[in-house]
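Everything in the sequence shown is counted per the numbering used here, starting at 243 for the first residue and increasing by one.
The next block holds one structure in the form of structure tokens; read it before the comments.
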Amino acid sequence: MGGSSVARQAVVGIDAGTTAVKAVVLAPDGEQLGWSRAPLTAVHQGDRVEQDMEGVWSAVCDTVRAALRQAGGDIDVTAVGVTGQGDGAWLVDAGGLPCGPAAIWMDGTAAARVDQWERDGRGALVRDITGSSLFPGALPVLLEQLEQDHPARLERAAHHLNCKDWIRFRLTGEIATDASEASRTYVDVATGAYSDALIDGLGHQRFRHLLAPVRPPWSTAGTVGVEAAAATGLAPGVPVATGLVDAAAGGLGLGSLRPGDAYLIVGTTAFTATVREGKGRSRPEAAITLATGLGPHVLECLAPMAGAPNLDWVTRVTGLDGSSWAEVEQLARAAGPGAGGVVYLPYGSPHGERAPFVDRTASAAWVGMSIRTTAGQLVRAVYEGIAFTVRECLGEADSVGERVLRIAGGSASSDLLCQILADVVGRPVERSTAPELGARGAAALAMVSGGTVADLDAALLGLSRPVDVFLPDPTARALAGRQALTFAAARDALRSVWPSLRELRASTEAVSSPSSSPESAPDADGTESL
């Protein structure tokens with residue numbers, strides 16, 4: 243008998259983080275048909291952290307083409323979804339060309355400007371209208387900093403596009419953003435629209451023309467153009483969804499859609515988020531509030547600057563970087579809960595900390611060591627230090643209640659970390675077995691955009707996968723309650739010396755630059771931006 247096979251419908255999800263681009267090809271039932279990953283490089287020069295925008299687009303083209311090749315030729319791609327790192331300044335000129343490298347969310351050049359805004363009241367204005375705290379990688383302060391440091395870029399700039407918006411622009415030629423990205427610029431989180439009161443209050447009318455139109459995340463922002471089709475292997479005319487920032491897309495991939503749902507993504511940051519109804523409540527000073535474009539729902543987030551990079555760093559300084567992660571974690575398991583009385587403060591970012599408190603002089607430290615302290619105890623203390631920071635973030639946001647905590651990100655692959663989190667947070671931890679949750683969240687929006695499903699609930703149901711569950715150990719949970727008090731006391735005792743330590747570090751770095759910049763491990767996949 244003769245005949246030809248019918249092409250199988252599929253969607254493509256793209257997730258461009260700080261350290262890698264991932265692309266997945268998914269069937270409507272969630273089966274992964276193709277996958278690819280390409281590394282990204284950030285250039286660190288002092289406090290400046292930048293990425294080549296054309297390099298990001300090139301990596302997207304490579305990963306999409308490779309994922310489609312793996313999926314085979316008998317598929318019909320009905321839509322594309324994109325997510326990526328947030329914040330930073332991704333500026334293009336009137337012809338759509340980059341005005342220079344993107345100053346990404348990790349950039350710390352505007353730190354002194356943030357301090358000035360806090361003193362003169364502009365920081366309070368930003369928090370009141372956007373629901374979010376300021377940090378140096380946020381667009382409003384970065385624009386002022388770039389105007390000072392690179393005035394030619396600002397004079398040339400016609401549009402600001404966040405990472406995923408830049409990728410979607412290269413796919414479609416259309417300028418757009420969504421409420422989650424715009425929330426970190428000049429948007430009133432209560433309305434989801436740009437706030438003239440904020441723009442005027444900051445004296446930023448001169449930047450107003452840079453802001454992209456805000457569209458619903460599931461809406462079609464454009465279709466794949468001829469040049470983009472040739473570069474990626476996608477067919478011309480395929481619809482591309484507007485999308486969400488990676489922090490929100492990862493939550494969708496985890497199925498966190500309803501008020502009260504809480505999740506954690508452990509990548510370059512240890513990002514915690516809770517879905518809430520609207521803006522009508524008091525929020526912690528360090529909180530980030532993202533409008534989602536999904537009805538009245540907002541995401542209340544706290545995002546410590548350094549998550550998984552602490553784990554990579556501790557293996558280097560203990561001489562365990564030649565060991566496998568299984569061997570490293572076996573040492574940490576053997577150390578047992580409490581790490582032999584050693585406490586680790588995981589404030590390892592050279593740019594300070596932004597959650598659960600804001601202090602740009604914050605520094606990491608081990609406290610409680612003796613000559614009997616082992617490498618395994620030092621490693622265990624780092625795992626526990628990350629967990630105690632998550633506990634504080636969730637407590638500040640009143641996030642978990644009696645619900646589970648869903649977890650994703652590259653470091654969520656660690657059973658040890660998941661169990662320590664369950665013990666320290668005191669709630670069941672659910673880890674999805676589905677890969678690439680950010681890209682899956684983007685794909686869910688693409689399914690709605692392309693008409694594959696009727697609504698987002700149907701898309702998430704189709705993409706859902708089983709979960710691994712980690713239950714709190716009663717003994718370890720009781721110990722964690724006492725440890726939490728010691729953790730907080732140790733931090734509070736050291737805060738007074740952080741400024742002088744930072745001054746000392748700056749003076750020594752002037753004559754001896756670091757040999758490497760922080761990277762995350764075992765894999766930096768996950769929410770790197772917020």
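By construction, the Cβ of each residue, glycine as well, lies at the ideal position given by its N, Cα and C atoms.
In this text the structure is predicted, and so the values were computed from the model without any measurement.
Nearest-angstrom Cβ-Cβ length linking residue i and residue j, presumed shorter than 8 Å
i, j, result
"Asp257", "Glu678", "6 Å"
"Phe599", "Ala528", "6 Å"
"Trp332", "Asn404", "6 Å"
Inter-residue Cα distance where the pair is residue i and residue j
i, j, result
"Asp765", "Ile346", "Here the model assigns Asp765 a pLDDT of 39, short of 50, so the residue's position is not dependable, and the following value carries that caveat. One C-alpha to the other measures close to 19 Å."
"Ser758", "Glu292", "Caution applies to Ser758, whose pLDDT of 42 falls short of 50 and renders its modelled position unreliable; the model cannot decide the point."
"Asp563", "Leu388", "38 Å"
"Asp370", "Ala269", "43 Å"
"Pro455", "Thr433", "14 Å"
"Asp430", "Asp554", "38 Å"
"Val632", "Ser300", "35 Å"
"Phe712", "Leu736", "33 Å"
"Leu381", "Asp329", "6 Å"
"Arg364", "Glu569", "49 Å"
"Glu751", "Thr414", "44 Å"
"Thr560", "Val621", "8 Å"
"Gly693", "Phe377", "39 Å"
"Asp289", "Thr351", "5 Å"
Given residue i as reference, the closest of the options once Cα atoms are compared
i, options, result
"Gly323", "Ala568, Ala483, Gly651, Val709", "Ala483"
"Arg669", "Ser738, Ala696, Ala718, Pro708", "Ala718"
"Pro714", "Ser749, Ala730, Gln661, Tyr505", "Gln661"
"Gly537", "Trp299, Gly337, Leu698", "Leu698"
"Leu396", "Thr427, Lys406, Arg250, Pro340", "Pro340"
"Gln287", "Asp349, Arg311, Gly326, Ala548", "Asp349"
"Met689", "Val356, Ala577, Trp608, Gly485", "Gly485"
"Leu275", "Gly464, Gly520, Ala676, Ser742", "Ala676"
"Ser653", "Thr510, Met295, Val248", "Thr510"
"Arg250", "Gly259, Val267, Asn404", "Val267"
"Ser374", "Ser691, Ala424, Asp271", "Ala424"
"Cys543", "Gly637, Ser605, Arg622, Pro579", "Gly637"
"Val356", "Ala418, Val695, Leu384, Ala336", "Leu384"
"Leu658", "Ser691, Ala576, Gln447, Pro459", "Ala576"
Residues sharing a beta bridge with residue i, DSSP
i, result
"Tyr586", "Trp608"
"Val254", "Val267, Val322"
"Phe513", "Ile507"
"Glu595", "Asp601"
"Asp710", "Arg673"
"Gln293", "Ala344"
"Cys543", "Ala515, Ile530"
"Ser278", "Ala265"
"Gln287", "Arg290"
"Asp391", "In DSSP, Asp391 forms no bridge with anything."
"Arg648", "Tyr505, Glu672"
"Thr465", "Pro481"
"Ala331", "Ala345"
"Ala435", "Asp430"
Exposed unless 16 or more other CB atoms sit within 10 angstroms - verdict on residue i
i, result
"Pro716", "exposed"
"Gln725", "buried"
"Asp488", "buried"
"Val642", "Model confidence at Val642 stands at a pLDDT of 44, short of 50, so the residue's coordinates are unreliable and nothing is read from them."
"Ser762", "Residue placement at Ser762 is flagged as unreliable, the pLDDT there being 38, under the threshold of 50; a coordinate-derived value is accordingly withheld."
"Gln327", "buried"
"Pro551", "buried"
"His401", "buried"
"Ala284", "buried"
"Gly315", "exposed"
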